[in-house]
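Numbering (our numbering), first residue to last: 507 to 611.
The beta-carbon is built from N, C-alpha and C at its ideal position, and this holds for glycine as well.
See below:
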């Protein structure tokens, strides 16, 4: 019980509003030259999903956001399409951010 109360008193992490293009790490071909094809695809999807997640989170979306919201965010960030796997990762990331009591918009 005491641990729960102390957890509630921790200072939240403040995320500043979105104001431009996110600074993304390089694509897998550059960042992980020795990665297998599966590792490279997974890395690139995770990279893309996190950027989309941050944009959606900063605009107040939650894990149950619509597919068109995810696609609109991807388009706003310069991507033409989003795979099913990336959409699932975006929703999972949003779920984690929305349930952490130390992170708020």
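Check your understanding: When you compare only the Cα positions, how much space is there between residue 584 and residue 608?
Key -> Walking along the chain shown from the start, residue 584 turns up at place 78. Walking along the chain shown from the start, residue 608 turns up at place 102. Near 30 angstroms, if we compare the C-alpha coordinates of residue 608 and residue 584.
**Study point:** DSSP state of residue 602 mapped onto helix, strand, coil
**Key:** Sequence index remark: in the chain shown, residue 602 carries index 96 (1-based). DSSP places residue 602 in helix when its eight states are reduced to three.
Exercise for review: Give the secondary structure of residue 588 by DSSP, where H, G and I count as helix, E and B as strand, and everything else as coil.
Suggested key: Start at 1 with the first residue of the chain shown, and residue 588 comes out as number 82. In this structure, residue 588 counts as coil in the three-state DSSP scheme.
Review point. Alpha helix (DSSP H) containing residue 550: first to last residue?
Key: Taking the chain shown and counting its residues from 1, the one referred to as residue 550 is at position 44. Segment 543-564, the alpha helix (DSSP H) holding residue 550.
Review point. Taking the C-alpha atoms as reference points, what is the distance between residue 562 and residue 575?
Key: Residue 562 sits at position 56 when you count from the first residue of the chain shown. Residue 575 sits at position 69 when you count from the first residue of the chain shown. Taking the straight line from one Cα to the other gives about 8 angstroms.
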